[in-house]
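Chains as they are written, first to last, in full-length UniProt numbering: chain A, 1 to 210; chain B, 1 to 210. In what follows, a structure is listed as structure tokens, so that the remarks can point back to it.
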DNA sequence: TATCGTATAGTCGGATCCGACTAATGGAGG
DNA sequence: CCTCCATTAGTCGGATCCGACTATACGATA
């Protein structure tokens, strides 16, 4: 699979918006924020203007006009090209089809959970679970309001459903793991200082399985 | 919460390794890969040397010596400072405690699932589910082998358990959503070209709930 | 009517990231 | 004993990203 010319997801958002109508960058940012898509895309004005430039360079979008409203600063308006439209669809297709290995910060931290010691680790996990719980409730309520009211077809909020599902899974794992630490199911190996740093002595593995 | 001086997770990996013993960057990379931590950290030699430099600048690690083995290129060996050790623990603590909003590519793509149309969307989701299924089996087997053999305490593979759990959740959602599309539970609004781009006509919302 | 805050629209320089490259060594195979 | 390839160890320049900043306009308020 050949590497994509423009790989950041903000470019996908730009292409998606220009599918609907032509816009200037500032409007893209505010539209995305209005629609609550800032959970799916990292919207940073600096990056946005760079991304737009890069899309222009690759011929996926073009400048339509530069209008000046009153004495406000000029706005440069863009549209997709035909290439850009095809690229958009095939990119979405590929992103859905083939899972990409992401590197979430949480997983990085979990791989050093041992460094906290059992008590602090369990406590930290519980605190996380609390935050996640709040986020889950917010997400549920947001979905209920927006979709339930019939303002927007459910398909247009489907990524929020995915986000909620992911949150719930993480919440479940977090709580379960903290329980396992507290109940001793997940045991802490003992660390010892050696000449060359730290080593662990694994808790004796019992071989009493049938 | 004040912004961290060094924020990328590769730095966390470096600090973690130097907790055990002093190392030169190349050894860090190969150790991480050997231990299969390349799922949790994005290991790129270029970034690694930059990260190490940055850690030195902030006083979290220091150069111990530069050895030359035979006529091989010089290796520069590093250790953590006391500040670095404290920073490491408090960073892990923070990363566990407070969830950070990540922006996975999949979620970005899902938010434009509509662009594929129902058939192609369902098909793409199924293909993803297939890939995920394979990854899940690999992960399960790897865990069974490594932990089951007692070579390594379970705590040291805990992030793989988390990864597996996340994969399973994503797999479940992917399959469920593809089912919903096929069964019509998740309906596609009809798109219409208007003067200014595309608009959708929402499928009639039935108000026949009790 | 002077001023304060907010919305509009975008620029810029430095930090970070990453892939592609260099260069030497040790060992396997013919 | 010559060649080829994998391993060891790291450099470098360009691409990307991002936060902090500028500058104008509009509306509310004192």
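For each residue, glycine too, the CB sits at the ideal point set by N, CA and C.
By the CB criterion at 8 Å, residue 48 of chain A and residue 6 of chain A fall outside the cutoff. Not a single C-beta of chain B is nearer than 8 Å to the C-beta of residue 179 of chain A. Neighbourhood of residue 42 of chain A in chain B, by CB distance below 7 Å: 103, in chain order. Where residue 6 of chain A is concerned, there is no enclosing beta strand (DSSP E), because DSSP gives it neither an H nor an E. Exposed is the label assigned to residue 151 of chain B, since fewer than 16 other Cβ atoms lie within 10 Å of its Cβ.
About 5 Å separates the CB atoms of residue 61 of chain B and residue 80 of chain B; that is less than 8 Å, so the two are in contact.
Taking a 10 Å sphere around the C-beta of residue 13 of chain B, we find 16 or more other C-beta atoms and assign the residue as buried.
Counting along the chain, residue 65 of chain B sits inside no alpha helix (DSSP H); it lies in the beta strand (DSSP E) bounded by residues 61-67. By the Cβ criterion, the stretch 117-126 of chain A is not in contact with the stretch 154-171 of chain A, since fewer than three pairs of Cβ atoms, one from each stretch, lie closer than 8 Å. At least one CB atom of chain B sits nearer than 8 Å to the CB of residue 107 of chain A. In chain order, 153, 155 make up the part of chain B whose C-beta sits under 9 Å from the C-beta of residue 188 of chain A.
In this structure, the beta-carbon distance from residue 132 of chain A to residue 87 of chain A does not fall below 8 Å. For residue 26 of chain B, no chain A residue has a Cβ inside 7 Å of its Cβ, as the nearest lies near 18 Å away. Within chain A, the residues placing a beta-carbon under 8 Å from that of residue 93 of chain B are 116, 120, 124, ordered along the chain. With a beta-carbon spacing of about 43 Å, residue 112 of chain A and residue 18 of chain A fall beyond the 8 Å limit used to define contacts. If you compare the alpha carbons of A:178, A:142, A:97, A:21 with that of residue 64 of chain A, the shortest gap goes to A:21. Counting only residues of its own chain and dropping the five nearest sequence neighbours on each side, residue 41 of chain B has a CB closer than 7 Å to the CB of 9, 10, 13, 32. Its Cα nearest to that of residue 66 of chain A, the residue A:23 stands out among A:23, A:137, A:173, A:93. Contact annotation, residue 136 of chain B with residue 128 of chain A: C-beta distance approximately 24 Å; criterion of less than 8 Å not satisfied. Nearest to residue 36 of chain B by alpha-carbon distance, out of B:188, B:172, B:146, B:116, is B:146. Sequence-distant Cβ neighbours of residue 130 of chain A in its own chain, meaning closer than 8 Å and more than five residues away, do not exist here. Put simply, the CB of residue 165 of chain A is near chain B, with a gap under 8 Å to one of its CB atoms.
In terms of beta-carbon proximity, residue 141 of chain A stays away from the interface with chain B, with every pair separated by 8 Å or more. If the five residues before and after residue 115 of chain A are omitted, its C-beta is found closer than 6 Å to no C-beta atom of its own chain.
Going by C-alpha positions, residue 185 of chain A is about 56 Å away from residue 57 of chain A.
Taken residue by residue, none of the stretch 55-70 of chain B has a beta-carbon sitting less than 9 Å from a beta-carbon on chain A.
Going by beta carbons, residue 160 of chain A and residue 139 of chain A fall inside the 8 Å limit. At a cut-off of 8 Å between beta carbons, residue 136 of chain B makes no contact with chain A.
Rounded to whole angstroms, the gap between the alpha carbons of residue 118 of chain A and residue 143 of chain A is 37 Å.
A distance below 8 Å between beta-carbons, with the five flanking residues on each side excluded, links residue 38 of chain A to the following residues of its chain, in chain order: 32.
Spatial neighbours of residue 180 of chain B in its own chain (CB-CB distance under 6 Å, excluding positions within 5 residues in sequence) are listed in chain order as 186. Residue 16 of chain A sits buried, since 16 or more C-beta atoms from the chains shown fall within 10 Å of its C-beta. Per DSSP, the unbroken alpha helix (DSSP H) holding residue 140 of chain B starts and ends at 118-148. CA-to-CA, the gap between residue 106 of chain A and residue 175 of chain B works out to about 25 Å.
In the DSSP assignment, residue 33 of chain A falls within the unbroken alpha helix (DSSP H) covering 25-34.
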